[in-house]
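Trainee: Starting off with a structure, shown below.
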Amino acid sequence: MNKPQSFFHLHLISDATGETLLAAGRAASAQYKDARAIEHIYPLIRTEKQVTKVFEDIEEEPGIILYTVVDQKLARGIDERCAAMGLPCVSVLEPVLTVFQSYLGTPAGRRVGAQHVLDADYFRRIDALNFTMEHDDGQLPANMDDADIVLIGISRTSKTPTSIYLANRGIKTANIPIVLGVPVPESLVNARTPLIVGLVATAERISQVRQNRILGNTSAYEPTDYVDRAAINEELAYARQICTRHGWPMIDVSRRSIEETAAAIVALRGKTR
């Protein structure tokens, strides 16, 4: 018998954007299927006055507190306030910094938002994102050799969100739709630089996703065929045939999150280099 879902407040205090905390908090809360976190995110918290305001909010809705604050005085203040309120409190980065310090033999520089500096890596990610947006859904097919990765697949196999996720990691990713009976561009077949990966899924999964989409953007399909599982199986068979003919690896995305699909693609890329 399923337990009724309960809710709890999760307060995330960061002196930067809060992305690290959000990822850590969601990874932990995902392990508790019967409890759902109500997230409260407090980014760019860098002064005592801001901390005081945050704890006024926490008093109204107490819960678990996670924080990433490199200023040790502010961090102590957060710990003390949590102790006084009897609330659980964890500095997410501190145990990691301790390990780094022990191994490297030198203390951390304690730079706020150090992971978000405008360095070469940052601009590489922006460049990759621009490339990916310009090469979404088969646009500019002549430029395939400029891509690091090209994703192909029938409609609703998560090509675009996976491409954007990879671009945010600095990987130039194009994606090309496979339409039943339509050959893939010659520029893709002749490309030598990119890793080309086919994304597939079960017909049941694709039909379910398509039914939840507005069919106004799918003019290339008859509405009945677009969600019909037999028709989808034909599309999938055609896509698999293309990948097999050219020796392109395939990944089944039926039960994978975007992050898991991207990780599998990056692993493939490592093996082919």
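For the record, in the sequence shown the residue sitting at position 232 is 239 according to this note's numbering, with numbers rising by one throughout.
Where a beta carbon is used, it is the ideal one built from N, C-alpha and C, also for glycine.
Every value quoted in this text rests on a predicted model; they were computed, and no experiment measured them.
(1) Determine the direct distance from the alpha carbon of residue 234 to that of residue 163, and round the result to whole angstroms.
(2) Can you round the beta-carbon distance between residue 201 and residue 154 to whole angstroms, since I take them to be within the 8 Å contact cut?
(3) Taking residue 206 and residue 136 to be in contact with their CB atoms under 8 Å, please state how far apart those CB atoms are, rounded to whole angstroms.
(4) Please name the residue, chosen from 20, 273, 46 and 91, that lies closest to residue 74 on a Cα-to-Cα basis.
(5) With 8 Å as the threshold, decide whether the Cβ of residue 254 is near any Cβ in chain D.
(6) Quick one: what's residue 160 bridged to in DSSP?
(7) If you run the structure through DSSP and keep just helix, strand and coil, what is residue 94?
(8) Less than 8 Å between the beta carbons of residue 256 and residue 204, yes or no?
(9) Residues in the same chain with beta-carbon distance under 6 Å from residue 218, minus the five sequence neighbours each way, listed in chain order, please.
(10) Would you kindly report the start and end of the unbroken alpha helix (DSSP H) that includes residue 249?
(11) Taking the alpha carbon of residue 46 as the point to measure from, which residue in 269, 65 and 54 has its own alpha carbon closest?
(12) May I have the straight-line CA-CA distance separating residue 99 from residue 198, to the nearest angstrom?
(13) Please name the residue in 94, 146, 89 and 178 whose C-alpha comes closest to that of residue 128.
(14) Less than 8 Å between the beta carbons of residue 23 and residue 50, yes or no?
(15) On the criterion of 16 or more Cβ atoms from any shown chain inside 10 Å, does residue 239 qualify as buried, or is it exposed?
(16) I need the straight-line Cα distance from residue 254 to residue 245, nearest angstrom please.
(17) Could you tell me the distance, in whole angstroms, from the CA atom of residue 269 to the CA atom of residue 96?
(18) For the beta strand (DSSP E) containing residue 42, list its first residue and its last residue.
(19) Tell me the rounded alpha-carbon separation between residue 132 and residue 93.
(20) At what residues does the beta strand (DSSP E) containing residue 259 begin and finish?
(21) Between the alpha carbons of residue 195 and residue 142, how many angstroms are there, rounded?
(22) For residue 166, does the count of other Cβ atoms within 10 angstroms reach 16, so buried, or fall short, so exposed?
(23) Which whole-angstrom value describes the C-beta separation of residue 259 and residue 208, a residue pair presumed to lie in contact below a C-beta threshold of 8 Å?
(24) Could you please give the first and the last residue of the uninterrupted beta strand (DSSP E) stretch that includes residue 75?
(25) With distance defined between alpha-carbon atoms, name the residue in 25, 139 and 231 nearest to residue 48.
(26) By alpha-carbon positions, which one of 59, 54, 55 and 31 ends up nearest to residue 44?
Mentor: Result, derived from the coordinates:
(1) Answer to the nearest angstrom: the Cα atoms are 11 Å apart.
(2) About 4 Å; that satisfies the 8 Å criterion.
(3) Going by Cβ atoms, the distance from residue 206 to residue 136 rounds to 20 Å, so no, they are not a contact pair.
(4) Here the closest residue by C-alpha is 20.
(5) Among the chains in the structure shown there is no chain D, since it carries only a single protein chain.
(6) Looking at the DSSP assignment, residue 160 forms a beta bridge with 184.
(7) Three-state DSSP puts residue 94 in coil, outside helix and strand.
(8) For residue 256 and residue 204, yes; Cβs fall inside 8 Å.
(9) Close CB contacts of residue 218 within its chain, under the 6 Å cut and outside five residues either way in sequence, are with 234 (chain order).
(10) Boundaries of the alpha helix (DSSP H) harbouring residue 249: 236 to 253, taken from the DSSP string.
(11) Among 269, 65 and 54, the Cα nearest to that of residue 46 is on 65.
(12) Whole-angstrom Cα-Cα distance: 44 Å.
(13) For residue 128, the closest of 94, 146, 89 and 178 by C-alpha to C-alpha distance is 178.
(14) At a Cβ-Cβ threshold of 8 Å, residue 23 and residue 50 count as neighbours.
(15) Here residue 239 is buried, its C-beta having at least 16 other C-beta atoms within 10 Å.
(16) Going by C-alpha positions, residue 254 is about 14 Å away from residue 245.
(17) If you take the alpha carbons of residue 269 and residue 96, they lie about 32 Å apart.
(18) Boundaries of the beta strand (DSSP E) around residue 42: 42 to 49.
(19) Each residue's Cα considered, the two are about 42 Å apart.
(20) Here the beta strand (DSSP E) through residue 259 covers 257 to 259.
(21) C-alpha separation (whole angstroms): 12 Å.
(22) So residue 166 counts as buried.
(23) The Cβ separation is near 6 Å, so the contact holds.
(24) That run of the beta strand (DSSP E) goes 71 to 75.
(25) Distances from the CA of residue 48 to each of 25, 139 and 231 were compared; the closest alpha carbon is that of 25.
(26) Nearest option by C-alpha distance: 31.
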